[in-house]
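See structure below.
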Amino acid sequence: MANWSKFFLKYLGIERRTNPKKYLYKLIWLGCISVCVPVILASTVYYQLSMNRMETYIQTESDSSLTILKDRAERVLQQIEQDSLQLAKDPMLQEAYAGSSGDNVIWNIEILKKIALVKNSNSFINEIFLYNSPGSVILSNEYGPIPRAEYKYKDDIDRLLESKYLTQWSPLSKREGYMTFARLLPLIGNGGPEGLLGFEIETSALSKFLETDTVIVTRAQELIIVKLHDPFGMERKSETVLLQETARLKGIEMIQASDKSSGQFVAEGIDGKPAQYRYVKNVFARTYVSVIPEQAITDQLDWIRGMMVLILVIFVGVGIVLTYFTSKRAYTPIEQLINQSRSLRVDGIQDKDDELDIIKESLDYLSKETKKLGAYMDKIEPSLREKFLFQLLSGDYTRNETLIQDCRTYGIDVTSTNVVLIVEAENIYKEKRFLPEEKGIVAFSLANVMQEILRSHSLQGYVIPYQGRGAAILQFKPDMEQQTMLDHTREYAAAITTAFQNYLSFEVTVGIGRLYAHAADVPVSYKEAETALQYRIFRDSETVLFIEDVEPVKKQALIKYPREQEAAVVAALEQEDIPFATQNFKRFTEILQSSQSYVFIYQSYHVLLSSLIVSLERQGANAGDVIEHNLFGQLSDKQTSEEICDWFEETLFPLYLWLTRNDREAAGESIIQTICTYISENCGNDLSLVQCAEIVGVSPSYLSRLFKKSMGKNFLEYVVESKIDEAKRLLRDTDQGLGEIALAIGYSERNFIRIFQRHVQITPGGYRSEHR
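By the working numbering, the letter at position 490 of the sequence shown is numbered 858, and the numbering carries on one by one without gaps.
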């Protein structure tokens, strides 16, 4: 009784506190059910599909076999009928019924020669005999001229002469396994039959030629050819018995009585078991029948059943084993947490309910983080069509066949005329609205607004964020006039610039490529749109740049580099006169823009930068310090005239003075002191090397090396140590909980405990206990 009570208590879950592994058992059972149910359902569905497919295959094979049987038999039988007709039409045979040639010996010899020739031309013909009623003589290739009374088939001849059919297939009464094709003679005349031309056929030879287990049944005028599919398995019967049993089949009688030209049904087979009958009738009174025992079909399907059972057992077994070990491994952290909670509960710190709440809160936190990550991935992950458009714009397609196939796959019209627009935001990084590493967010914002404007203008096209910018591919019908296409494109570009200016306070510039009629030329239009954007370097007042408008028709005859203005800028900086340097630099820029050449302007700015670097070396600045700032890289990132001018005036000129005016070592110590103070005052924030470098106005790589050289440790190590020192102080001097302390230094509680123990070799709780 006690055992039964224990069982029911355990079943009801009352014994949860005394059986800590109950959740493990539930997890294992749930996993096993989760594995078994889908596998069994999938196996059942697959089994049904396989069985249906196999049955269809068997029926198709039966139909094919019946068709082949019919074609073979018709070739042989029609050839025999044709030979009979040709022989009956022979003039010599016609003379026999028109005159008295039947008693002529020479005539008989000639007829026998013709009969022998026909017989030898067809291996299925066993004997040909010709009967002439007036002479009561039979000519046979086997016996020659023979009186009718002595011929072995005289009774069959009488029966055939009394028949109402001019031609017919008939069994021979005195010879099993043979049948005859009889034709009444003469072919022309109204006096009734006066003779008979018969072809004796050996049915066994014909059956072997057609297919194994083929039986030929003759009934009156009708000839029935039956294909028996594996009628007895290993047990074989004689042809005579097989013919008799086949002729008595009820299914054959049903087919003979049916007025349909084809059909199928199930009836009793030769073995007394159900069989599938399929038949076809033709206009020559011949019927072709296929008989397949259902047991034969079942036997062919048995291997599928056995294989499915074996696969099901293997998959279920492997699934159960993997579920067991996976559940054990997954349960290990829970078991460790419960064991740890028990040890804590002994000291009265926490009870079991709190431990379960900790597990629940942890799972809830992980679930929320998983959903956030999934939502984030859904937002940033491009669709398959976007990936295709990325490849198209980058020119990755080298074969037009592949490009056209992919266009059709993703529903992109290949017959449309295409044009590419590129939208780039201006000065958003300078205005601190976005960080340089947030190009993806900027491109995503641009693409979203462009997509909305595209819908509002009822234009056909696609918009994607691409390489930190928004890219649009507009498609127009090929029969539209080119000027209309250009007008729609310009209206769309103007709407984009207006929308960003009015609603988002963005300054954007739109570059437009040329129109092309083939999808393979989309990368060309994209490159042209990029080229159009380059002309911002001297056409910075225009927000829409069309490649046809900005490309010069012909080059200027002579372009001179403004060397005098360059010398004035360098001299002013050497004299530490930034206003005068800025004034001459603006004159330098005006002269460059008058050239209307992007390449000349862009390279001239690099030449000016080179001259300033040479001047720095003359002033005694360390070349290594200059290289640390990657000045040419910074200049290459600037695309518009405004960006370049701002960079020279706000970044390069002050840096020039700083490099020449201050002692490098003293400046480095000041920088490190500033950074250390900033770190100690902002321990609770996320501290990055890039952020600190912007505070002191140096490059991140230079700050990293300077920090390592001055402090003997890298930036990250110093930040972590500063946070740990602040945590030690809070543990010693305050009663704040671990979560509050972790938040104060910018960590989660779990990360704080792990990092603290790794650096101090003791848990935060232990440290607090030792130092109080």
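C-beta atoms are modelled at their ideal positions from N, C-alpha and C, and glycine is treated no differently.
What's the C-alpha gap between Y499 and Q612? Taking the first residue of the sequence shown as position 1, residue 499 is located at position 131. Taking the first residue of the sequence shown as position 1, residue 612 is located at position 244. Their backbone Cα atoms lie some 30 angstroms apart in a straight line.
Endpoints, the beta strand (DSSP E) within which M547 is located: Translated into the one-based positions of the sequence shown, residue 547 becomes position 179. Run containing M547: Y546 to L553, per the beta strand (DSSP E) assignment.
Could you round the C-beta distance between N768 and Y884 to whole angstroms and report it? I think they count as a contact, below 8 angstroms. Here residue 768 is taken as the residue at index 400 of the sequence shown, counted from 1. Here residue 884 is taken as the residue at index 516 of the sequence shown, counted from 1. That pair is no contact at about 13 angstroms.
Should Q943 be labelled buried (16 or more other beta-carbon atoms within 10 Å of its own) or exposed? Residue 943 sits at position 575 when you count from the first residue of the sequence shown. That one is exposed.
K457 and N555 - do their beta-carbons sit closer together than 8 angstroms? Locating residue 555 in the sequence shown gives position 187, where the first residue counts as 1. Locating residue 457 in the sequence shown gives position 89, where the first residue counts as 1. The question names Asn, yet the displayed sequence has Leu at residue 555. The answer is yes: Cβ separation under 8 angstroms.
Output the distance between the C-alpha atoms of E544 and Y425, rounded to the nearest integer angstrom. Along the sequence shown, one-based indexing puts residue 544 at 176. Along the sequence shown, one-based indexing puts residue 425 at 57. So the alpha carbons of these two residues sit roughly 37 angstroms apart.
Quickly, what does DSSP pair V1064 with across the bridge? List them, please. Against the sequence shown, residue 1064 aligns to sequence position 696. DSSP, once it has assigned bridges, lists no residue as partnering V1064.
8 angstroms Cβ shell around S1067 - same chain, five flanking residues per side excluded: Here the question's residue 1067 lines up with position 699 in the sequence shown. Cβ neighbours of S1067 beyond the five flanking positions: E996, H997, N998 and A1061.
Where E1138 falls: helix, strand or coil (DSSP): Numbered from 1 along the sequence shown, position 770 holds the residue referred to as residue 1138. Note: E1138 maps to helix in three-state DSSP.
Determine the direct distance from the alpha carbon of L453 to that of E579, and round the result to whole angstroms. To locate residue 579, count along the sequence shown from 1; it is residue 211. To locate residue 453, count along the sequence shown from 1; it is residue 85. Each residue's alpha carbon lies about 27 angstroms from the other.
Could you give the distance in angstroms between the alpha-carbon of A811 and the alpha-carbon of F953? For the purposes of this step, residue 811 is identified with residue 443 of the sequence shown, where counting begins at 1. For the purposes of this step, residue 953 is identified with residue 585 of the sequence shown, where counting begins at 1. Answer to the nearest angstrom: the Cα atoms are 33 angstroms apart.
Where does G601 land, buried or exposed, given buried means 16+ other C-beta within 10 angstroms? For the purposes of this step, residue 601 is taken as residue 233 along the sequence shown, with counting starting at 1. Reliability fails at G601, whose pLDDT of 48 lies under 50, so the model's placement of it is uncertain and no value is given.
Roughly how many angstroms lie between the CA atoms of V634 and V583, to the nearest whole one? For the purposes of this step, residue 634 is taken as residue 266 along the sequence shown, with counting starting at 1. For the purposes of this step, residue 583 is taken as residue 215 along the sequence shown, with counting starting at 1. Spanning the two alpha carbons is a distance of roughly 19 angstroms.
Buried or exposed, going by whether 16 or more other CB atoms sit within 10 Å of the CB of N488? What you label residue 488 is simply residue 120 of the sequence shown in a count that begins at 1. Result: exposed.
Segment limits, alpha helix (DSSP H) that includes I1130: Here residue 1130 is taken as the residue at index 762 of the sequence shown, counted from 1. First-last for I1130: undefined, no H or E at that position.
Could you tell me whether the Cβ atoms of A815 and G836 are closer together than 8 angstroms? By 1-based counting over the sequence shown, the position of residue 815 is 447. By 1-based counting over the sequence shown, the position of residue 836 is 468. In this structure, G836 does not lie closer than 8 angstroms to A815 by Cβ.
Would you call the stretch 399-419 in contact with the stretch 680-689, where contact means no fewer than 3 C-beta pairs closer than 8 angstroms? yes
Judging by CA-CA distance, which residue of I1040, G1052 and F1083 is the nearest neighbour of G1065? Locating residue 1065 in the sequence shown gives position 697, where the first residue counts as 1. The residue with the shortest Cα to Cα distance from G1065 is I1040.
Less than 8 angstroms between the CB atoms is what I'm expecting for L480 and L455, so what's the real figure, rounded? Along the sequence shown, one-based indexing puts residue 480 at 112. Along the sequence shown, one-based indexing puts residue 455 at 87. In fact, because the Cβ distance is near 12 angstroms, the residues do not count as touching under 8 angstroms.
Should R646 and S432 be called a contact, given that it needs their Cβ atoms to be closer than 8 angstroms? Position 278 of the sequence shown, counting from 1, holds the residue named residue 646. Position 64 of the sequence shown, counting from 1, holds the residue named residue 432. Going by C-beta atoms, R646 is not nearer than 8 angstroms to S432.
With T608 and S538 assumed to form a contact (beta carbons below 8 angstroms), what rounded beta-carbon distance in angstroms separates them? Counted from its first residue, the sequence shown places residue 608 at position 240. Counted from its first residue, the sequence shown places residue 538 at position 170. Contact flag wrong, Cβ pair sits at about 18 angstroms.
I need the straight-line Cα distance from H1127 to A939, nearest angstrom please. Within the sequence shown, the letter at position 759 stands for residue 1127. Within the sequence shown, the letter at position 571 stands for residue 939. Each residue's Cα considered, the two are about 54 angstroms apart.
Would you say T1131 and I1121 are within 8 angstroms of each other, going by their C-beta atoms? Working through the sequence shown from its first residue, we reach residue 1131 at position 763. Working through the sequence shown from its first residue, we reach residue 1121 at position 753. For T1131 and I1121, yes; Cβs fall inside 8 angstroms.
With a threshold of 7 angstroms (Cβ to nearest heavy atom), would Y425 be considered close to the ligand FAD? Of ligands this structure carries none, so the ligand FAD is not represented either.
Helix or strand or just coil, what does DSSP make of A635? Numbered from 1 along the sequence shown, position 267 holds the residue referred to as residue 635. Of the three classes helix, strand and coil, the one that applies to A635 here is strand, per DSSP.
Under the rule that 16 or more other beta-carbon atoms within 10 Å means buried, what is T428, buried or exposed? By 1-based counting over the sequence shown, the position of residue 428 is 60. Classification for T428: exposed.
Can you tell which of K736, P561, K739 and Q773 has its C-alpha closest to the C-alpha of R753? If you number the sequence shown from 1, residue 753 lands on position 385. Comparing Cα positions, the closest option is Q773.
Throw me the rounded Cβ distance for the F868 and V817 pair, which I believe falls under 8 angstroms. Taking the first residue of the sequence shown as 1, we reach residue 868 at position 500. Taking the first residue of the sequence shown as 1, we reach residue 817 at position 449. Their Cβ separation, rounded to whole angstroms, is 7 angstroms, which keeps F868 and V817 in contact under 8 angstroms.
Look at the Cβ atom of A900, then the Cβ atom of V918, and state whether they are nearer than 8 angstroms. Numbered from 1 along the sequence shown, position 532 holds the residue referred to as residue 900. Numbered from 1 along the sequence shown, position 550 holds the residue referred to as residue 918. In contact: A900 and V918 (Cβ atoms closer than 8 angstroms).
Leaving out the 5 sequence neighbours to the left and right, which residues in its chain are closer than 6 angstroms to D945 when beta-carbon positions are compared? The sequence position of residue 945 within the sequence shown is 577, counting from 1. Within the same chain, D945 has no close Cβ partners at all.
S658 to K438 span [Cα, whole Å]: Here residue 658 corresponds to residue number 290 of the sequence shown, with the count starting at 1. Here residue 438 corresponds to residue number 70 of the sequence shown, with the count starting at 1. If I take the Cα positions, the gap works out to 10 angstroms.
Pairing CB atoms from the stretch 1017-1028 with CB atoms from the stretch 973-986, are three or more of them under 8 angstroms? yes
Quick one: what's T582 bridged to in DSSP? The residue you call residue 582 lines up with position 214 of the sequence shown. T582 is bridged to K595.
Straight-line Cα distance separating L1111 from F1159: With the chain running from 369 to 1140 in the structure shown, residue 1159 is simply not present.
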